[in-house]
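Read through the structure below, which is laid out as structure tokens, and then see the notes.
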Amino acid sequence: SMFRFAAAFLVSFMLCTAPVQAAGFEQTFKEAQAAYKTGKYADAARLFVQTADLLKKAKETAKAQMVLGNAAIAYMQAEDYASAVTIYENLLSNQKILLKSYKNLVICHSHLEQHALKIQTLERMMQALPKLPKAEISNVYAQMGDAYRALEIYAPASAAYDKAAHLLPQDA
Numbered sequence: 046s047m048f049r050f051a052a053a054f055l056v057s058f059m060l061c062t063a064p065v066q067a068a069g070f071e072q073t074f075k076e077a078q079a080a081y082k083t084g085k086y087a088d089a090a091r092l093f094v095q096t097a098d099l100l101k102k103a104k105e106t107a108k109a110q111m112v113l114g115n116a117a118i119a120y121m122q123a124e125d126y127a128s129a130v131t132i133y134e135n136l137l138s139n140q141k142i143l144l145k146s147y148k149n150l151v152i153c154h155s156h157l158e159q160h161a162l163k164i165q166t167l168e169r170m171m172q173a174l175p176k177l178p179k180a181e182i183s184n185v186y187a188q189m190g191d192a193y194r195a196l197e198i199y200a201p202a203s204a205a206y207d208k209a210a211h212l213l214p215q216d217a
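In the numbering used here, the protein residues as written are 46 to 217.
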């Protein structure tokens with residue numbers, strides 16, 4: 046499933062920061078977790094955003110950004126990709142660049158059929174993360190090829206697929 050890494054990120058994040066030790070946000074965070082676990086993703090997203098706002102007011106910026114990541118994942122699960130895009134763009138501009146944020150942003154653009162924005166995001170990801178492993182770069186080019194093909198722009202699609210293939214290990 047496309048959401049496997051997103052859900053894994055959500056769970057690992059929650060395990061790391063479950064004891065949010067401040068009045069106000071702990072209860073909201075627990076409500077958000079409960080909503081997510083019961084499949085009420087839109088409610089979970091809203092509650093994660095509220096938690097992030099409370100954390101920002103308490104000058105807990107890093108924790109606020111992590112909780113916003115959860116909100117974006119909940120929006121993705123609710124298939125509200127436009128709201129997820131807004132959060133990921135915000136996270137990418139305010140935070141140490143995260144590969145997961147870029148990958149999830151690419152998924153959102155795919156679901157919204159925003160192929161040109163998907164290509165632009167993949168290009169931004171490679172500029173921001175120049176030390177990606179070859180397999181990851183190959184995957185980026187393959188996704189670019191898919192996006193160009195969806196736009197019916199075949200020469201760049203072919204070139205992207207060629208780059209993807211050349212980065213894969215050559216089996217005999």
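Each residue gets a CB set at the ideal place from its N, CA and C atoms; glycine is no exception.
Predicted model only: the values in this text are computed from it and were never measured.
Between the CA atoms of residue j and residue i - distance to the nearest angstrom
i    : j    : result
M171 : Q72  : 39 Å
A192 : A107 : 33 Å
P178 : A77  : 35 Å
Q66  : H156 : For Q66, the predicted model reports a pLDDT of 48, less than 50, meaning its position is unreliable; a value from the coordinates is still stated below. So the alpha carbons of these two residues sit roughly 37 Å apart.
Y103 : M111 : It is Ala, not Tyr, that sits at residue 103 in the sequence shown. One C-alpha to the other measures close to 15 Å.
L213 : I198 : 24 Å
I132 : K176 : 25 Å
A204 : L144 : 24 Å
L92  : K82  : 13 Å
G84  : A200 : 43 Å
Same chain, Cβ closer than 6 Å to residue i, neighbours up to 5 away in sequence not counted
i    : result
Y206 : G190
F164 : Checking the displayed sequence, the identity of residue 164 turns out to be Ile instead of Phe. The residues are M189, A192.
S128 : Y120
S146 : Y133, L136, L137
V130 : C153
K148 : none
Y126 : C153, H156, L157
S183 : A209, L212, L213
Test item: CB-CB of residue i and residue j under 7 Å
i    : j    : result
V151 : A116 : no
F70  : L99  : yes
A119 : A89  : yes
A123 : A87  : yes
L167 : V185 : yes
A209 : A187 : yes
Proximal residues to residue i (C-beta, below 7 Å), its chain only, five neighbours per side dropped
i    : result
K101 : A109
A202 : G190, Y193, R194
Residues near residue i in its chain [Cβ-Cβ closer than 8 Å; skip 5 each side]
i    : result
A195 : E158, H160
K75  : none
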